[in-house]
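These notes concern the structure reproduced below.
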Amino acid sequence: MKKLTKALAVFSMVGGALFGTQALAEPFKIGICYDLSKAYTFATPQVSQAAMDLAKLINMKGGIGGEPVEVIVRDHGNEPQRGIECYSKLSREGVFVFDTLSTPVSLAILPRAMEDGRILMQSLVGRGDAVDGTVFEWVYPIGPTYWGQAANDVAYIKQLHDGDLSDVKVGFVYFDYPFGQEPIEILKTLSEKEGFKLELYPVPLPGSDQAGVWSKVRRDNPDHVIVWMLGGAHVVASKEMQRNRIPMDKYISVNWLNEVDIANIGDEAAKGIKRGTNVVGGQDVALYQEIMTELYDKGEGSGPIEKTQDVFYNTGLAMYSIMFEAARKAAELEGLPITAKSYKAGLESLEGFDANGLMAPITVTVEDHGGGGKTRIEMWDGETWVPQTDWISEYTDVVWEVVKESSSEYEQ
Numbered sequence: 001m002k003k004l005t006k007a008l009a010v011f012s013m014v015g016g017a018l019f020g021t022q023a024l025a026e027p028f029k030i031g032i033c034y035d036l037s038k039a040y041t042f043a044t045p046q047v048s049q050a051a052m053d054l055a056k057l058i059n060m061k062g063g064i065g066g067e068p069v070e071v072i073v074r075d076h077g078n079e080p081q082r083g084i085e086c087y088s089k090l091s092r093e094g095v096f097v098f099d100t101l102s103t104p105v106s107l108a109i110l111p112r113a114m115e116d117g118r119i120l121m122q123s124l125v126g127r128g129d130a131v132d133g134t135v136f137e138w139v140y141p142i143g144p145t146y147w148g149q150a151a152n153d154v155a156y157i158k159q160l161h162d163g164d165l166s167d168v169k170v171g172f173v174y175f176d177y178p179f180g181q182e183p184i185e186i187l188k189t190l191s192e193k194e195g196f197k198l199e200l201y202p203v204p205l206p207g208s209d210q211a212g213v214w215s216k217v218r219r220d221n222p223d224h225v226i227v228w229m230l231g232g233a234h235v236v237a238s239k240e241m242q243r244n245r246i247p248m249d250k251y252i253s254v255n256w257l258n259e260v261d262i263a264n265i266g267d268e269a270a271k272g273i274k275r276g277t278n279v280v281g282g283q284d285v286a287l288y289q290e291i292m293t294e295l296y297d298k299g300e301g302s303g304p305i306e307k308t309q310d311v312f313y314n315t316g317l318a319m320y321s322i323m324f325e326a327a328r329k330a331a332e333l334e335g336l337p338i339t340a341k342s343y344k345a346g347l348e349s350l351e352g353f354d355a356n357g358l359m360a361p362i363t364v365t366v367e368d369h370g371g372g373g374k375t376r377i378e379m380w381d382g383e384t385w386v387p388q389t390d391w392i393s394e395y396t397d398v399v400w401e402v403v404k405e406s407s408s409e410y411e412q
């Protein structure tokens with residue numbers, strides 16, 4: 001994945017307007033500065049492959065008035081300085097839309113993107129207050145922020161307890177670095193509001209030693225455990241839960257839990273585990289099926305087909321469907337060539353967009369750059385993921401109160 005080649009694409013969405021094939025013009029470029037070599041390799045190959053596949057599919061279909069999209073993939077190794085270098089280099093090459101899929105790198109690039117007037121996409125990473133478009137004018141954490149996702153987890157727990165959390169104890173097991181720490185403020189705020197007891201259990205990186213954490217969880221005996229960890233740390237956690245005889249159905253994971261993790265835990269052993277998600281898993285999705293027919297059945301996929309059979313691949317399709325739909329909207333609203341300003345307008349015109357049933361519908365506005373923050377809870381039943389809720393976005397008043405408090409401090 002370190003030397004992923006450039007993929008050219010011409011835009012058109014499933015069910016969207018198709019444009020006639022024309023001579024390719026100067027490309028509209030998207031810079032994908034990802035960790036392809038270190039901490040996030042459990043997800044970045046699938047997301048990158050999805051982006052390139054979608055670009056190929058789009059390229060086959062026509063385009064935005066003949067203007068192609070060039071998807072440029074580079075490795076930052078989850079190192080902020082390398083992320084800044086990636087951003088700077090691609091900026092000089094004319095890129096004004098970026099995605100990092102890394103909280104530390106996003107935090108490092110954000111001030112530069114704000115100053116330069118370039119678009120920083122921030123789905124599922126980065127600072128939660130960036131949904132405030134009145135402050136973070138050029139940043140778009142579309143999809144659930146970790147704040148919104150954690151709030152929805154609490155809403156689900158409240159549903160399980162018939163609307164009363166006053167006698168409920170909730171544990172929060174998290175990586176003790178920015179990614180894992182993001183939801184703490186929201187959880188504390190909701191604990192005060194709803195009256196549940198919140199217990200914090202920090203896990204040192206890389207998460208291979210969790211024995212002490214889960215022994216403490218056993219002693220404290222929380223009713224539910226919200227978990228903010230990644231990759232193999234879920235497998236370690238499951239083993240410690242089994243050793244401590246903690247029921248798996250207490251476990252509610254952040255969205256970063258996939259089919260590989262379930263296989264490593266064991267289908268039966270993982271039974272009852274839950275996760276929050278903003279995308280539909282599995283292969284029974286229109287866009288996925290079209291990519292299989294048009295690309296993989298013809299031997300033209302961007303990588304191993306096994307990588308597509310993963311919720312993180314669907315996550316990538318959702319993320320880049322949003323980006324490409326915004327490009328289409330930009331051209332529709334303000335014509336070609338697409339600029340940072342017109343692309344921003346395209347993003348802020350997205351309303352109820354769900355990529356033909358692939359994900360929770362999003363609506364982006366000048367004020368709300370998060371798209372609404374909807375997720376649902378799914379449970380592994382030993383064979384597949386079963387939805388436990390509809391798409392929900394709860395405690396939005398509480399989340400936005402914290403957002404405004406935090407964003408106002410940034411503004412100062």
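Under the UniProt record's numbering, read the sequence shown as residues 1 to 412, first letter to last.
Glycine included, each C-beta is placed from N, C-alpha and C at the ideal position.
Can you give me the C-alpha to C-alpha distance between Glu351 and Tyr40, rounded to a whole angstrom?
31 angstroms
What number of angstroms, rounded off, separates the C-alpha of Gly77 from the C-alpha of Asp167?
44 angstroms
Which stretch, first to last residue, makes up the alpha helix (DSSP H) that contains residue 427?
The first residue shown for the chain is 1 and the last is 412, placing residue 427 beyond what the model contains.
On a Cα-Cα basis, can you pick out the residue from Ala269, Gln181, Thr339 and Glu332 that is closest to Thr103?
Gln181
Which of the three DSSP states is assigned to Trp380 in this structure?
strand
Which class does Glu30 belong to by DSSP, given the choice of helix, strand or coil?
The sequence shown places Ile at residue 30, not Glu. Ile30: strand per DSSP, three-state reduction.
At which residue ranges does the region 85-153 contain complete alpha helix (DSSP H) runs of 4 or more residues, listed in the order of the chain?
103-116
Check for me: the beta strand (DSSP E) holding Phe175 runs from which residue to which?
Lys169 to Phe175
Own chain residues within Cβ distance below 8 angstroms of Gly94, not counting five before or after
Lys29
Grouping DSSP H, G and I as helix and E and B as strand, with all else coil, what is Arg245?
coil
Leaving out five residues before and five after Val280 in sequence, what residues of the same chain have Cβ atoms less than 8 angstroms from its Cβ?
Asn314, Gly357, Leu358 and Met359
What's the gap between the Cα of Pro68 and the Cα of Asn59?
7 angstroms
Assuming Ser253 is part of the beta strand (DSSP E), what are its boundary residues?
Tyr251 to Ser253
Backbone secondary structure at Gly77 - three-state DSSP
coil
Cβ pair Thr396, Ile377 closer than 8 angstroms
no
Could you check whether the region 187-197 touches the region 147-167, counting it as contact only if at least three pairs of C-beta atoms, one from each stretch, sit closer than 8 angstroms?
yes
Name, in chain order, the residues that DSSP records as bridge partners for Trp385.
Trp380
Taking contact to mean 3 or more Cβ pairs, one atom from each stretch, closer than 8 angstroms, check whether the region 231-250 and the region 199-218 are in contact.
yes
Among the candidates Val97, Thr365 and Ala355, whose CA atom is the shortest distance from the CA of Ser349?
Thr365
From Thr277, Leu57 and Leu110, residue whose alpha carbon lies closest to that of Glu294
Leu57
Taking Leu205 and Tyr177 to be in contact with their CB atoms under 8 angstroms, please state how far apart those CB atoms are, rounded to whole angstroms.
6 angstroms
Using DSSP's beta-bridge definition, name the partner residues of Trp228.
Tyr174
So is Leu200 buried or exposed if we call it buried at 16+ other beta carbons inside 10 Å?
exposed
Just curious, the alpha helix (DSSP H) that Lys38 is in, first and last residue?
Unbroken run through Lys38: none, as it is neither H nor E.
If you follow the beta strand (DSSP E) that Pro202 is part of, which residue opens it and which one closes it?
Lys197 to Val203
Quick one: Cα of Val403 to Cα of Tyr146, how far?
12 angstroms
Identify the residues that DSSP records as bridge partners of Asp368: which are they?
Asp132
When you compare only the Cα positions, how much space is there between Ala340 and Leu347?
10 angstroms
Using CA coordinates, which residue listed in Gly370, Asp381, Glu411 and Asp209 is at the minimum distance from Val399?
Gly370
When the Cβ atoms of the region 80-92 are set against those of the region 45-55, are three or more pairs found closer than 8 angstroms?
no
Grouping DSSP H, G and I as helix and E and B as strand, with all else coil, what is Glu70?
strand
Note down, in chain order, each residue of its chain lying with its Cβ closer than 6 angstroms to the Cβ of Ala43, except the 5 sequence neighbours on either side.
Phe312
I want to see whether chain B comes within less than 8 angstroms of Trp138, judged by CB atoms only; does it?
Of the chains in the structure shown, none is chain B; there is only one protein chain.
Just mark Gly117 as buried or exposed, buried being the case when its beta carbon has 16 or more other beta carbons within 10 Å.
exposed
Which first and last residues belong to the alpha helix (DSSP H) in which Thr44 is found?
Thr44 to Lys61
Provide the residue(s) that pair with Val279 in DSSP beta bridges, ordered along the chain.
Met359
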